[in-house]
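Colleague:
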Amino acid sequence: MVFNVKDNMLHTKTDYPHAIHVIENTWIPLSDGTRLAARIWLPETAEQKPAPAILEYIPYRKNDFTALRDSIRHPYFAGHGYACIRVDMRGSGDSDGIMYDEYLKQEQDDALEVLAWLEKQPWCTGAVGIIGKSWGGFNGLQIAARRPPQLKAVITLCSTDDRYADDVHYMGGCLLASDMLWWASIMLVYNARPPDPRFVGEQWREMWLERLEKTPPFVEAWLSHQRRDAFWQHGSVCENYADITCPIFAVGGWADGYTNAIPRLLEGLSCPKLGLIGPWAHEYPEVAVPGPQIGFLQECLRWWDHWLKGRDTGIMQEPLLRAWLQESVPPQVDYAVRPGRWVAERVWTADSIQKQVYQLLVNRHQLAGDGGQSTTPPDHRPLLITDGLTIPSVQTHGLYAGVWCPFGQPGDLASDQRIEDGLSTCFTSPPLPERQEILGFPEVTLTLSADKPNALVAVRLCDVAPNGASTLVSWGLLNLTHRISHAEPTPLIPGEHYTVTVRLNAIGYALPAGHQWCVALAPTYWPHAWPSPEAVTLTLFAGQLSLPVRPLQQTADEQVSFLSPEVAPLMQREVLRTDARNRTVQHDLRTGASILTDYADEGRRRLLPDGIEFDTVGNDTYTIVEGDPLSASVRCERSIQIGRGAWQTRVDGVSTMTADATKFYVTNTLDAYEGNTRVFAKTWTFTVRRDLV
Numbered sequence: 009m010v011f012n013v014k015d016n017m018l019h020t021k022t023d024y025p026h027a028i029h030v031i032e033n034t035w036i037p038l039s040d041g042t043r044l045a046a047r048i049w050l051p052e053t054a055e056q057k058p059a060p061a062i063l064e065y066i067p068y069r070k071n072d073f074t075a076l077r078d079s080i081r082h083p084y085f086a087g088h089g090y091a092c093i094r095v096d097m098r099g100s101g102d103s104d105g106i107m108y109d110e111y112l113k114q115e116q117d118d119a120l121e122v123l124a125w126l127e128k129q130p131w132c133t134g135a136v137g138i139i140g141k142s143w144g145g146f147n148g149l150q151i152a153a154r155r156p157p158q159l160k161a162v163i164t165l166c167s168t169d170d171r172y173a174d175d176v177h178y179m180g181g182c183l184l185a186s187d188m189l190w191w192a193s194i195m196l197v198y199n200a201r202p203p204d205p206r207f208v209g210e211q212w213r214e215m216w217l218e219r220l221e222k223t224p225p226f227v228e229a230w231l232s233h234q235r236r237d238a239f240w241q242h243g244s245v246c247e248n249y250a251d252i253t254c255p256i257f258a259v260g261g262w263a264d265g266y267t268n269a270i271p272r273l274l275e276g277l278s279c280p281k282l283g284l285i286g287p288w289a290h291e292y293p294e295v296a297v298p299g300p301q302i303g304f305l306q307e308c309l310r311w312w313d314h315w316l317k318g319r320d321t322g323i324m325q326e327p328l329l330r331a332w333l334q335e336s337v338p339p340q341v342d343y344a345v346r347p348g349r350w351v352a353e354r355v356w357t358a359d360s361i362q363k364q365v366y367q368l369l370v371n372r373h374q375l376a377g378d379g380g381q382s383t384t385p386p387d388h389r390p391l392l393i394t395d396g397l398t399i400p401s402v403q404t405h406g407l408y409a410g411v412w413c414p415f416g417q418p419g420d421l422a423s424d425q426r427i428e429d430g431l432s433t434c435f436t437s438p439p440l441p442e443r444q445e446i447l448g449f450p451e452v453t454l455t456l457s458a459d460k461p462n463a464l465v466a467v468r469l470c471d472v473a474p475n476g477a478s479t480l481v482s483w484g485l486l487n488l489t490h491r492i493s494h495a496e497p498t499p500l501i502p503g504e505h506y507t508v509t510v511r512l513n514a515i516g517y518a519l520p521a522g523h524q525w526c527v528a529l530a531p532t533y534w535p536h537a538w539p540s541p542e543a544v545t546l547t548l549f550a551g552q553l554s555l556p557v558r559p560l561q562q563t564a565d566e567q568v569s570f571l572s573p574e575v576a577p578l579m580q581r582e583v584l585r586t587d588a589r590n591r592t593v594q595h596d597l598r599t600g601a602s603i604l605t606d607y608a609d610e611g612r613r614r615l616l617p618d619g620i621e622f623d624t625v626g627n628d629t630y631t632i633v634e635g636d637p638l639s640a641s642v643r644c645e646r647s648i649q650i651g652r653g654a655w656q657t658r659v660d661g662v663s664t665m666t667a668d669a670t671k672f673y674v675t676n677t678l679d680a681y682e683g684n685t686r687v688f689a690k691t692w693t694f695t696v697r698r699d700l701v
């Protein structure tokens with residue numbers, strides 16, 4: 009995970025209505041004796057004139073790894089009259105305790121105590137908002153569902169309402185080979201970092217060794233729950249949207265891995281709500297790429313001023329959803345700016361979205377339109393044809409799909425899909441006679457059979473330009489044993505016909521006249537989907553593509569505009585080593601082995617005047633041999649260093665995952681060093697039964 013703020017993105021604001029007082033570290037006592045570490049930014053007058061509070065509650069270390077990104081946001085809000093609090097969760101940073109997994113009830117319980125503590129502070133009015141991206145966006149929603157009286161509003165960025173459907177573990181009932189072990193390996197070494205002796209004193213080593221010994225590899229729990237059971241239902245606010253009554257501002261980007269939650273929240277929540285989707289990756293919109301960036305902190309102030317200070321800022325007169333409708337572009341693995349325009353939706357319900365239906369002409373590999381807009385429901389079953397089309401497994405399909413959750417780093421996005429199209433079965437429309445705009449969830453309904461009891465289907469939607477270039481627009485996965493239920497999967501009967509609907513990721517996109525839609529189907533998508541235990545051949549009998557279209561007459565959209573981005577001054581620091589990224593694919597034509605390697609050096613920095621230094625280097629390798637789905641393997645290597653002067657520490661971790669036809673095999677190793685002396689070494693090895701995955 010990269011927390012990397014580049015100077016050329018920043019428009020710095022230094023003049024604020026309030027002078028700012030910073031408390032580098034304070035302790036928040038919990039009822040069980042645990043202390044949580046917090047950094048606080050206050051308006052200087054807050055002791056005399058209390059201010060509303062804004063809480064960010066995450067496990068990513070306030071003193072070093074998120075100090076740079078915190079420095080451009082929390083002082084900005086404090087300068088505008090808010091008390092801002094950045095809390096290290098239990099078991100992270102300088103806080104006491106152990107972190108046993110993500111999003112546990114203990115995490116929420118601690119947050120409720122933090123909110124109660126804030127309410128009692130003399131500098132706080134008692135009204136609190138929560139802001140957070142990713143983990144902090146998740147728990148902002150989860151805490152809101154607990155209805156603490158102090159919590160008046162939430163800004164959730166790049167998060168999800170459904171931990172099973174849209175997170176790094178599973179997608180469409182398929183195990184995310186690209187991300188489950190990758191993220192677990194990151195959290196293993198993140199949790200193994202020591203607290204800072206500058207704040208916790210001589211007990212730092214004792215706290216560190218306890219963390220090293222007691223913190224488990226999260227992947228074991230995640231892999232042990234391959235169905236959508238109570239484990240994933242916990243923390244998934246979609247289980248009962250009515251639990252949330254405080255206002256929610258949901259924000260994300262089309263390049264992010266978590267955008268699907270935003271339209272679902274807008275439809276499901278009954279509380280005051282707004283949605284904002286830009287072209288961005290997994291980052292805050294004032295610095296995110298692809299651009300354009302916006303004045304997001306000013307939007308946050310409009311939200312906070314309305315809900316925490318009772319001022320009419322006009323924010324609740326904005327459309328329910330403001331979204332960036334992307335224009336067609338040639339395929340690239342990164343973009344500085346994604347051309348498009350802002351569009352507005354005052355209403356967002358399933359009934360408000362018009363559909364354009366294209367039939368998959370199985371005998372001609374073509375998409376045929378129905379001649380106009382349609383209200384055909386997604387579960388409509390097209391007429392069967394007698395001759396089926398076989399779709400064989402190509403294990404290397406998917407290597408050019410890009411990363412599952414881009415952070416805006418070079419190489420994150422999908423490259424030209426012509427290679428992938430050649431490894432799948434494609435259905436292409438004639439060139440469109442006029443422009444077509446879509447906003448929402450594309451869906452593909454298929455009638456098919458499989459020759460094995462365990463199979464998956466991957467669906468890609470691409471924009472094919474007149475010159476043949478193929479740009480990935482959206483994609484989706486479905487484990488066909490989950491065709492009826494993610495909670496109770498059932499094996500397929502080989503040869504039997506099934507009709508299934510695959511919902512693709514939400515997208516806003518404009519296809520120009522002369523371009524073609526392409527639907528690509530395959531029973532593999534490595535490394536996003538862990539392959540089925542046997543090579544599968546699907547047989548397709550019929551299908552249709554349903555697109556959520558925006559009428560072209562709606563192009564005279566309601567005006568949507570934002571101020572230019574501005575931030576507080578970035579914390580002073582020295583760059584001791586610059587960051588680097590290499591993402592490569594190697595094919596051995598003799599053995600059929602393909603290796604995707606993703607190497608990321610996040611660089612080394614020294615923060616001033618504190619003097620703390622830190623860096624992270626990671627290398628992730630995904631290997632598969634053509635024709636052999638059981639050859640799939642993932643290896644994740646991480647090394648993190650933190651130090652100041654004579655105090656220097658390093659943590660190295662290696663995680664591996666393989667499978668045979670019936671089991672997954674996972675190994676995690678962790679080595680910790682104080683200076684050049686190894687002070688800890690441990691290996692965890694476990695086996696988990698494959699449960700129709």
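Following the numbering used here, the numbering of the sequence shown begins with 9 at its first residue and continues without gaps.
The beta carbon of each residue, even a glycine, is placed where N, CA and C say it ideally should be.
#1: Measuring CA to CA, which of Tyr366, Glu504, Gly419 is closest to Ala344?
#2: With Glu218 as the anchor, note down where its alpha helix (DSSP H) starts and where it stops.
#3: State yes or no: is the C-beta of Arg94 within less than 8 Å of the C-beta of Lys70?
#4: Is there contact between the segment 228 to 247 and the segment 490 to 497, where contact requires at least three CB pairs shorter than 8 Å?
#5: Leaving aside the five residues before and after Arg658 along the sequence, list all residues of the same chain whose C-beta is less than 6 Å from its C-beta, in chain order.
#6: What is the DSSP secondary structure of Leu480, counted as helix, strand or coil?
#7: Drop a sphere of 10 angstroms on the beta-carbon of His82, count the other beta-carbons inside from all chains shown, and report buried for 16 or more, exposed for fewer.
#8: Quick one, are the C-beta atoms of Ala289 and Val295 less than 8 Å apart?
#9: What does the Cβ neighbour count give for Pro299, buried or exposed, with the cut at 16 atoms within 10 Å?
#10: Measure from the alpha carbon of Met579 to the alpha carbon of each residue in Asp618, Leu126, Leu529, Ala588, then state which is nearest.
#11: Based on DSSP bridge pairs, tell me the residues matched to Ala463.
#12: Kindly indicate which three-state DSSP category Met188 falls into: helix, strand or coil?
#13: Let me check understanding here. Comparing Cα to Cα, which of Leu407, Cys470, Asn513, Arg443 lies closest to Thr605?
#14: Leaving out five residues on either side along the sequence, give the residues of the same chain with a beta carbon under 7 Å from the beta carbon of Arg319.
#15: What residues match up with Ser457 in a beta bridge as DSSP calls it?
#16: Could you say which of Leu519, Leu421, His490, Asp459 lies nearest to Pro438 if we only look at CA atoms?
#17: What did DSSP end up calling Ser641 once you bin it into helix, strand or coil?
#18: If we define contact as Cβ-Cβ less than 8 Å, is Asp204 a contact residue for chain C?
#19: From Ser100, Pro539, Gln334, Arg558, pick the residue whose C-alpha is nearest to that of Val465; which is it?
#20: With a threshold of 7 Å on Cβ separation, who are the neighbours of Ala601 within its own chain once the five nearest residues in sequence on each side are excluded?
#21: Can you round the beta-carbon distance between Phe549 and Gly396 to whole angstroms, since I take them to be within the 8 Å contact cut?
#22: Using beta-carbon positions only, say whether Trp655 and Pro203 come within less than 8 Å of one another.
#23: Opposite Thr164 in the DSSP bridges: which residues?
#24: Measure the Cβ-Cβ separation of Ala331 and Val351 and say whether it is below 8 Å.
#25: Roughly how many angstroms separate the alpha carbons of Asp96 and Tyr68, rounded to a whole number?
#26: To the nearest angstrom, report how far apart Asn147 and His373 are at their CA atoms.
#27: Determine contact between the segment 161 to 177 and the segment 253 to 269, defined as no fewer than three beta-carbon pairs at a distance below 8 Å.
#28: Among Asp429, Ser100, Ser482, Arg236, whose alpha-carbon lies nearest the alpha-carbon of Tyr172?
#29: When DSSP labels each residue in this structure, what does His595 get in the three-state scheme?
#30: Checking 8 Å against the spacing of the C-beta atoms, do Ala458 and Asp424 come in under that value?
#31: Can you tell me the Cα-Cα spacing of Asp23 and Thr253, whole angstroms?
#32: Which stretch, first to last residue, makes up the beta strand (DSSP E) that contains Tyr506?
#33: Since Phe728 contacts Glu307 with CB under 8 Å, what's their CB separation in whole angstroms?
#34: Relative to the alpha-carbon of Pro461, which residue among Arg491, Cys413, Asp359, Asp471 has its alpha-carbon at the smallest distance?
#35: Look up Gly322 in the DSSP assignment and give the residues it is bridged to.
#36: What three-state label does DSSP hand Ala263 in the structure shown?
Modeller: The short version:
#1: Cα-wise, what sits closest to Ala344 is Gly419.
#2: Glu218 -> alpha helix (DSSP H) spans 212 to 222.
#3: Result yes, Cβ atoms of Arg94 and Lys70 sit closer than 8 Å.
#4: Yes, they touch.
#5: Around Arg658: Gln649, Tyr681.
#6: In the structure shown, Leu480 falls within a strand segment according to DSSP collapsed to helix, strand and coil.
#7: Flag for His82 reads buried.
#8: Going by C-beta atoms, Ala289 is not nearer than 8 Å to Val295.
#9: Checking the sequence shown, residue 299 turns out to be Gly, not Pro. Under this definition Gly299 is a buried residue.
#10: Met579 has its Cα closest to that of Asp618, out of Asp618, Leu126, Leu529, Ala588.
#11: Under the DSSP definition of a beta bridge, Ala463 lacks any partner.
#12: Helix at Met188.
#13: Checking every option, the nearest Cα to that of Thr605 belongs to Leu407.
#14: Apart from sequence neighbours up to five positions away, the residues of its chain that approach Arg319 with a beta-carbon distance below 7 Å are Asp313, ordered along the chain.
#15: Thr547, per the DSSP bridge assignment.
#16: Pro438 has its Cα closest to that of Leu519, out of Leu519, Leu421, His490, Asp459.
#17: DSSP places Ser641 in strand when its eight states are reduced to three.
#18: Protein chains in the displayed structure number just one, and chain C is not present.
#19: Ranked by Cα distance from Val465, the options Ser100, Pro539, Gln334, Arg558 are led by Pro539.
#20: Contacts found: Thr631, Val633.
#21: The Cβ separation is near 5 Å, so the contact holds.
#22: Here Trp655 is not near Pro203, since their CB atoms are 8 Å or more apart.
#23: DSSP, once it has assigned bridges, lists Gly140, Ala258 as partnering Thr164.
#24: Taking 8 Å as the Cβ cut-off, Ala331 and Val351 qualify as a contacting pair.
#25: If I take the Cα positions, the gap works out to 7 Å.
#26: Rounded to the nearest angstrom, the two C-alpha atoms are 45 Å apart.
#27: Taking 8 Å as the limit for Cβ pairs, the verdict is that the segment 253 to 269 does touch the segment 161 to 177.
#28: Ranked by Cα distance from Tyr172, the first of Asp429, Ser100, Ser482, Arg236 is Arg236.
#29: Correct three-state label for His595: strand.
#30: Not closer than 8 Å, so no.
#31: Approximately 36 Å between the Cα atoms of the pair.
#32: Where Tyr506 is concerned, the enclosing beta strand (DSSP E) stretches over 506 to 511.
#33: Nothing in the structure corresponds to residue 728, since the chain is present only between 9 and 701.
#34: For the residues Arg491, Cys413, Asp359, Asp471, the minimum Cα distance to Pro461 belongs to Arg491.
#35: DSSP lists no beta-bridge partner residue for Gly322.
#36: Ala263: coil per DSSP, three-state reduction.
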